[in-house]
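Numbering (full-length UniProt numbering), first residue to last: 1 to 209. Every residue gets a Cβ at the ideal spot worked out from N, C-alpha and C, and that includes glycine. Quick caveat, the model's predicted, so the values are computed rather than measured. Here the structure is laid out as structure tokens; the discussion comes afterwards.
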Amino acid sequence: MLLFAEHANYRRSLQNCEVPNQPRPRFMEEINWDDELAQLAHRQVAACDLDSHYKEAEINKEYKSSVGKNTADNRDPYAAVREWFDEHQYYNYTRNSCSHPNGCSHYKRIVWGRAEFMGCAVGGCGPGTRVRSGQIVVCYYSPMENVERQQPYEADWINICRAQRPTTPRPAPPPLTPPQPITTRLMTTTTEKLTIGPYGRYRCNCECD
1 MLLFAEHANY RRSLQNCEVP NQPRPRFMEE INWDDELAQL AHRQVAACDL DSHYKEAEIN
61 KEYKSSVGKN TADNRDPYAA VREWFDEHQY YNYTRNSCSH PNGCSHYKRI VWGRAEFMGC
121 AVGGCGPGTR VRSGQIVVCY YSPMENVERQ QPYEADWINI CRAQRPTTPR PAPPPLTPPQ
181 PITTRLMTTT TEKLTIGPYG RYRCNCECD
């Protein structure tokens, strides 16, 4: 069940815009633990088979729904799930492309928007198997579709994550105009006492040089 909590936390982080360069889902099903899927995963663990298409048709028929599988050769189950999820660093949602040499299908299964159920199993594998670390981790998800060809969910392009909002470039500032030369003019004032006129006032003559 601890692996279930890891998956739920990763899906929640995507909904909370905490996954760099990945858009928020418009809708994502709440994932639930399923004992039947866990039992099916345990069968693959017992077979020590890392094939992500292990008995695909048989399992889909038995579970009565499409099932996706993540497998890992890792002694640390939590590190295995983290490595699956970290494939998001190589996934381009808009182009539905992946630059990781091993693909991004593990990440896409974890965050598959329509997946409602999951179950995991962990077990040891001895010599003579492909499991070199000695432990295999298997998680099943349902319902699942063709993860290679499809985007894992429908993005919410209305409530865009803050870091992904398109920014409007600021207009270039107007060119600076060269400063105009300042001309100073001295003002001199001359006061002359005139013959008292009809108003009996002085007259001030102002001349500018």
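Checklist entry - CB-CB under 7 Å to G126, same chain, minus the five flanking residues each way: which ones, in chain order? => result Indexing the sequence shown from 1 puts residue 126 at position 126. Hits under 7 Å: none found.
Next on the checklist: Nearest by alpha-carbon distance to C139: which of V67, Q150, D86 is it?
Outcome noted: Here residue 139 is taken as the residue at index 139 of the sequence shown, counted from 1. The shortest C-alpha separation from C139 is found at V67.
Checklist entry - Out of curiosity, what's the CA-to-CA distance linking G123 and C48? => result Here residue 123 is taken as the residue at index 123 of the sequence shown, counted from 1. Here residue 48 is taken as the residue at index 48 of the sequence shown, counted from 1. C-alpha separation (whole angstroms): 8 Å.
Item to check | Same chain, Cβ closer than 6 Å to V45, neighbours up to 5 away in sequence not counted | outcome: The residue you call residue 45 lines up with position 45 of the sequence shown. Result list for V45: A121, G123, I136, V138, in chain order.
Checklist entry - How many Å lie between W33 and P101 at the Cα? => result What you label residue 33 is simply residue 33 of the sequence shown in a count that begins at 1. What you label residue 101 is simply residue 101 of the sequence shown in a count that begins at 1. Cα-Cα distance, rounded: 31 Å.
Item to check | One or two residues paired with T71 in a DSSP bridge | outcome: If you number the sequence shown from 1, residue 71 lands on position 71. Answer by DSSP bridge pairing, in chain order: V138.
Checklist entry - With respect to the alpha helix (DSSP H) encompassing F4, which residues constitute its N-terminal and C-terminal limits? => result What you label residue 4 is simply residue 4 of the sequence shown in a count that begins at 1. For F4, the enclosing alpha helix (DSSP H) stretches over residues 2-15.
Next on the checklist: Excluding the 5 residues flanking N96 on each side, which residues of the same chain have their C-beta closer than 6 Å to its C-beta?
Outcome noted: Here residue 96 refers to the residue found at position 96 of the sequence shown. Cβ within range, chain order: Q151.
Next on the checklist: Just to confirm my understanding: we take A80, look at its own chain, exclude 5 residues before and 5 after, and list those with CB closer than 7 Å. What are they?
Outcome noted: Position 80 of the sequence shown, counting from 1, holds the residue named residue 80. Same-chain partners within the cutoff: A72, N74, V137.
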